[in-house]
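Numbering (this note's numbering), first residue to last: 7 to 130. Every residue gets a Cβ at the ideal spot worked out from N, C-alpha and C, and that includes glycine.
See the structure below:
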């Protein structure tokens with residue numbers, strides 16, 4: 007799938023957590039949001055892809071228990087070998103809101119849920 011439109015470039019497909027409990031939102035090509043090229047693509051099998059860039063954020067109160075209340079489909083959750091959530095996905099191929107408008111509400115409910123979490127201040 008190519009980065010061909012606003013949805014695939016700028017709207018989240020999911021979030022990935024690193025070992026420091028920081029998250030970054032990624033687009034359909036598993037690139038940071040807004041990236042319109044896959045030229046600098048980094049492997050998602052790494053713990054912290056794109057760690058050289060300021061894309062990771064810690065969110066106060068974003069816990070696995072809270073995630074599981076909204077992301078209740080196990081196919082939307084990727085866990086590591088220890089069972090800890092590493093990635094969450096906002097939709098599957100068959101529930102892509104761009105492909106079928108009936109899935110927009112489900113997608114936007116996940117966005118609303120995530121939008122309530124405040125970032126923890128970082129020192130520059």
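Going by the beta-carbon positions, is the gap between residue i and residue j smaller than 9 Å?
i	j	result
residue 61	residue 13	no
residue 73	residue 91	yes
residue 113	residue 103	yes
If you compare alpha carbons, which of the options is closest to residue i?
i	options	result
residue 98	87, 110, 123, 88	110
residue 59	77, 28, 80, 78	28
residue 33	119, 77, 42	42
residue 21	9, 81, 76, 93	93
residue 119	89, 77, 83	77
residue 5	44, 23, 19, 122	Here the chain has residues from 7 to 130 only, and residue 5 is not among them.
residue 81	100, 88, 71	100
residue 83	15, 19, 11	19
Look up residue i in the DSSP assignment and say whether it is helix, strand or coil.
i	result
residue 110	helix
residue 13	helix
residue 120	helix
residue 23	strand
residue 34	coil
residue 96	coil
residue 74	helix
residue 101	helix
residue 82	helix
Just confirm the distance between the C-beta atoms of residue i and residue j, as a whole number of angstroms; I'd bet it's less than 8 Å.
i	j	result
residue 44	residue 9	7 Å
Q: Pair every Cβ in the stretch 49-57 with every Cβ in the stretch 66-83, then say whether three or more of these pairs are closer than 8 Å.
A: no
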